[in-house]
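Just so we're aligned: the sequence shown equals residues 24 to 103 in my numbering.
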Amino acid sequence: MSGWKVYPNPTRKNLTVFAPEGDKEGMQVEIRNSLGQVLFTKSDKTGQMDLEMAYPVGHYSVLVRCGSHHKAFNVIKARE
């Protein structure tokens with residue numbers, strides 16, 4: 024899980040998720056709102072995803088999974 028990143032934080036529009044292991048094992052990203060509701064899920068095998076944060080201003084959890092490893096990041100969506 025070394026080198027996993029979610030940036031920029033806070034974000035105004037776009038969010039980049041980077042997990043070096045994702046290009047080998049595949050990566051799944053899930054975005055949840057402050058109520059725990061799943062807003063977005065995507066799988067990829069590149070190790071990097073660029074996401075549009077088309078959600079209201081607030082706090083979000085970004086869950087990243089690569090194989091048996093997972094990590095949660097807290098992200099703030101700021102005003103544009």
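By construction, the Cβ of each residue, glycine as well, lies at the ideal position given by its N, Cα and C atoms.
What residue from the options has the CA that sits closest to residue i's CA?
| i | options | result |
| --- | --- | --- |
| G26 | P79, K36, F41 | F41 |
| Y30 | E75, R88, K68, S66 | E75 |
| E44 | E103, G59, Q71, A77 | Q71 |
| Y100 | C89, I54, T69, G90 | The sequence given here places Lys at residue 100; Tyr does not occur at that position. Checked all of C89, I54, T69, G90; the closest Cα to K100 is I54. |
| K47 | F63, G90, V61 | G90 |
Does the Cβ-Cβ distance between residue i and residue j come in under 8 Å?
| i | j | result |
| --- | --- | --- |
| H82 | S57 | yes |
| K36 | V52 | no |
| T39 | D73 | yes |
State the start and end residues of the unbroken beta strand (DSSP E) segment that holds residue i.
| i | result |
| --- | --- |
| E95 | The residue you asked about is not Glu; residue 95 is Ala in the sequence shown. Its beta strand (DSSP E) spans residues 92-100. |
| V87 | 81-89 |
Check the C-beta distance from residue i over to residue j and give it rounded, since I have them as a contact under 8 Å.
| i | j | result |
| --- | --- | --- |
| T34 | V80 | Contact flag wrong, Cβ pair sits at about 11 Å. |
| V87 | M50 | 7 Å |
Just list the beta strand (DSSP E) runs in the region 25-74, keeping only unbroken ones of 3 residues or longer that don't cross its boundaries, in chain order. Counting only runs of 3 or more, we get 28-30, 37-41, 50-55, 61-67.
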